[in-house]
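With the numbering used here as the guide, the letters of the sequence shown map in order to residues 21 to 225. Where a beta carbon is used, it is the ideal one built from N, C-alpha and C, also for glycine. To start, the structure itself, in structure tokens.
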Amino acid sequence: MTIQFLSNGNFVGKSGAIGCEFTKDSEIIFETPSYYGVHHQIYKATDTSYFFIDAEVEFHPCPEVCEGLIQWQGDQFIEVNESGEVIWEWNMFDQMSLTEYNPYWIEVFTGNLPFDWSHSNSVYFDGELVYVSIRNLSRITAIDYVTKEIVWNLGNPDFMDLPTFTEDFGFSHQHSAQRISNGNILFFDNGRDNNPEISRCLEIA
């Protein structure tokens, strides 16, 4: 029996937080390299590889209420082998449009910290697709592992340039998106944008 664990760390930029796997006797058998800004989840996808979320900060134009370049905080999703070598990666800044954002997070942007564009919180691999939960966009995205192309986006169509599904499923700030044995997607909906603010678990075909 082993446990995957993510250390505490400041979520802003490269925090130095690490993810590790250890036995119930507290023997560490794997840990992520310290130069990543690991946050929210480390996930052992196979016997020999691990996925995790790495915070990325880049300068880009402010989309609404301010002028000039500001720091945007996004994410990249990385798979490493047991030696810590990268075998797969997907960077939001390379794969998604900066026109896709939640206006609320730019309204509360103060300039003291980076604009929290994505705040992703889970990654799951089923052998063909990588499923990521992008909290601040209230979106779950499925990515083709081989081509790295987005297969579909599930969530609020208002935050997408080209919605895959036109229906708004009504979830917000979701966590822990994963594919289950019947092929459906299961996740926890925080329900932060609902009134009343009610959390629930959702299974979507």
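{"Item": "Touching by the beta-carbon criterion (3+ pairs, under 8 Å), the region 185-197 and the region 153-169", "Value": "yes"}
{"Item": "Where Phe145 falls, given that 16 or more other Cβ within 10 Å makes a residue buried", "Value": "buried"}
{"Item": "Residue burial classification, Val106 (beta-carbon count within 10 angstroms, cutoff 16)", "Value": "exposed"}
{"Item": "Touching by the beta-carbon criterion (3+ pairs, under 8 Å), the region 124-133 and the region 176-187", "Value": "no"}
{"Item": "Where Ser81 falls: helix, strand or coil (DSSP)", "Value": "Here the sequence assigns Pro to residue 81, which means Ser is not the residue at that position. Note: Pro81 maps to strand in three-state DSSP."}
{"Item": "Same chain, Cβ closer than 7 Å to Asp188, neighbours up to 5 away in sequence not counted", "Value": "Asn176 and Pro177"}
{"Item": "Proximity to Val58 [Cα-Cα], best of Ser46, Gly211, Val77 and Asp67", "Value": "Val77"}
{"Item": "Euclidean distance between Cα positions of Asn215 and Ser192", "Value": "11 Å"}
{"Item": "Cβ contact (3+ pairs, closer than 8 Å) linking the region 135-145 and the region 71-91", "Value": "yes"}
{"Item": "Trp137 - containing alpha helix (DSSP H), residue span", "Value": "Careful: Trp137 lies outside any alpha helix (DSSP H) and carries neither H nor E."}
{"Item": "Within 8 Å, strictly: CB atoms of Ala65 and Asp95", "Value": "no"}
{"Item": "Sequence ranges, alpha helix (DSSP H) only - wholly within the region 136-217, length at least 4", "Value": "none"}
{"Item": "Terminal residues of the beta strand (DSSP E) in which Tyr63 lies", "Value": "Val58 to Lys64"}
{"Item": "Cβ neighbours of Asp213 in the same chain (closer than 8 Å, five flanking residues each side left out)", "Value": "Ser158, Ser192 and His193"}
{"Item": "Reference Ser117, options His80, Ile49 and Ile62, closest by Cα", "Value": "His80"}
{"Item": "Where the beta strand (DSSP E) containing Phe97 begins and where it ends", "Value": "Leu89 to Asn101"}
{"Item": "DSSP-derived helix/strand/coil call for Asp114", "Value": "helix"}
{"Item": "Rounded distance between the beta-carbons of Ile90 and Phe135, thought under 8 Å", "Value": "6 Å"}
{"Item": "Neighbour-count burial assignment, Asn204, 16 or more Cβ in a 10 Å radius", "Value": "exposed"}
{"Item": "Residue range of the unbroken alpha helix (DSSP H) whose run includes Ile127", "Value": "One detail in the question is off: residue 127 reads as Glu in this sequence, not Ile. Counting along the chain, the alpha helix (DSSP H) containing Glu127 begins and ends at Pro123 to Glu127."}
{"Item": "Beta-carbon spacing of Tyr56, Trp108 below 8 Å", "Value": "no"}
{"Item": "Integer-rounded CB distance, given that His60 should sit under 8 Å from Ser140", "Value": "7 Å"}
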